[in-house]
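Structure first, commentary second.
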Amino acid sequence: METKIISIVGEKGGIGKTTLNILLASELRYARGKKVVLLDMDDPQYSIYKKRNRELQLLETEERGQKDVYPIEPVTVATIQKTVLEYYGRVDYIIMDLPGSLNLEMVKGLLYVEHVFIPFGHDELEIDSTSNFYLTLKNNFLDNDQRVLKSINLFFNKYKLVRKNRFSELRQQFRDATIPMMESVVKDKIIYKEQYRNTLYPIPEGKEEGEKELKSFFEEVIKLVN
Numbered sequence: 001m002e003t004k005i006i007s008i009v010g011e012k013g014g015i016g017k018t019t020l021n022i023l024l025a026s027e028l029r030y031a032r033g034k035k036v037v038l039l040d041m042d043d044p045q046y047s048i049y050k051k052r053n054r055e056l057q058l059l060e061t062e063e064r065g066q067k068d069v070y071p072i073e074p075v076t077v078a079t080i081q082k083t084v085l086e087y088y089g090r091v092d093y094i095i096m097d098l099p100g101s102l103n104l105e106m107v108k109g110l111l112y113v114e115h116v117f118i119p120f121g122h123d124e125l126e127i128d129s130t131s132n133f134y135l136t137l138k139n140n141f142l143d144n145d146q147r148v149l150k151s152i153n154l155f156f157n158k159y160k161l162v163r164k165n166r167f168s169e170l171r172q173q174f175r176d177a178t179i180p181m182m183e184s185v186v187k188d189k190i191i192y193k194e195q196y197r198n199t200l201y202p203i204p205e206g207k208e209e210g211e212k213e214l215k216s217f218f219e220e221v222i223k224l225v226n
């Protein structure tokens, strides 16, 4: 089995990376039937791992035993290699949720990631930090003879239609700078975090525009890594 290692990652917290890593893992497992493991490197908080445990506790005992969920593994710098090797070749996708800062945990995790996706918005400071973060990853992990990293892709997160022209200008600026930009965007919707961010169920099949656009985003992610 050919395993793909993916991470939606950012250099600071609050950009929605953890929510999107959960949504991606749930989409791949429950909606597409893929074998997935999610590695939680948010040591020592392990917010995703603890969230899974809380969600399981809310289920009835019988339902809990029947639920075919993807594993969520809390990992550290010391255990990441062992955990990756344990699942590599046994699952279709390994998804890593890395810390929101360029620390030892993130650097160690990035040594194993094959495809990175970086979310950002329209704030000037965020644009500058995202550009610098992209160049750091490119220079240290992508342009490297012994690299594991195969691609870096940026995308608009918390996209707002009222700023559509601004986002269009930014997209062109990044393309002019030969920075790879995804066509899909993730809209600024509270529902993603409050209702859809679940490790036990997929995003509901609905007719809302936001749901369809989120599915389109996942479709593009899958296309880019395969």
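full-length UniProt numbering puts the first residue of the sequence shown at 1, with every later residue one more than the last. Glycine included, every Cβ here is placed at the ideal spot set by N, Cα and C. Given the structure is predicted, the values throughout are model-derived calculations rather than measurements.
Buried or exposed: which applies to residue i, given that a residue is buried once 16 or more other Cβ atoms fall within 10 Å of its Cβ?
| i | result |
| --- | --- |
| D128 | exposed |
| E166 | Before going on, a small fix: residue 166 reads as Arg here, not Glu. Exposed, by the Cβ-count rule. |
| P204 | exposed |
| E2 | exposed |
| P99 | buried |
Could you pull out every residue in the same chain whose Cβ sits closer than 8 angstroms to the Cβ of residue i, ignoring the five residues on either side in sequence?
| i | result |
| --- | --- |
| Y49 | D40, I72, E73 and P74 |
Where does the unbroken beta strand (DSSP E) through residue i begin, and where does it stop?
| i | result |
| --- | --- |
| I48 | Careful: I48 lies outside any beta strand (DSSP E), inside the alpha helix (DSSP H) at S47 to Q57. |
Any idea which residues DSSP pairs residue i with across the strands?
| i | result |
| --- | --- |
| D40 | P74 and D97 |
| P119 | F155 |
| M181 | L154 |
Would you identify the three-state DSSP class for residue i, choosing helix, strand or coil?
| i | result |
| --- | --- |
| I6 | strand |
| D92 | coil |
| K223 | helix |
| N21 | helix |
| D176 | helix |
| N165 | helix |
| K12 | coil |
| L149 | coil |
Among residues of its own chain, excluding the 5 on either side of residue i, which ones have a beta-carbon nearer than 7 angstroms to its beta-carbon?
| i | result |
| --- | --- |
| P202 | S26, E27, Y30 and A31 |
| R175 | M181 |
Would you kindly report the start and end of the unbroken alpha helix (DSSP H) that includes residue i?
| i | result |
| --- | --- |
| D128 | E124 to L137 |
| I80 | I80 to Y87 |
| G33 | It is not in any alpha helix (DSSP H) - G33 carries neither H nor E in the DSSP assignment. |
| M106 | L104 to L110 |
Is residue i close to the ligand SAH? I mean its beta-carbon at under 7 angstroms from any heavy atom of the ligand.
| i | result |
| --- | --- |
| M182 | The model depicted lacks the ligand SAH and carries no ligand whatsoever. |
Does chain B have any CB closer than 8 angstroms to the CB of residue i?
| i | result |
| --- | --- |
| T178 | Protein chain content of the structure displayed is limited to a single chain, and chain B is not contained in it. |
Give every residue of the same chain whose Cβ lies closer than 6 angstroms to the Cβ of residue i, excluding the five residues on either side of it in the sequence, and list them in chain order.
| i | result |
| --- | --- |
| F217 | S184 and V186 |
| R171 | M181 |
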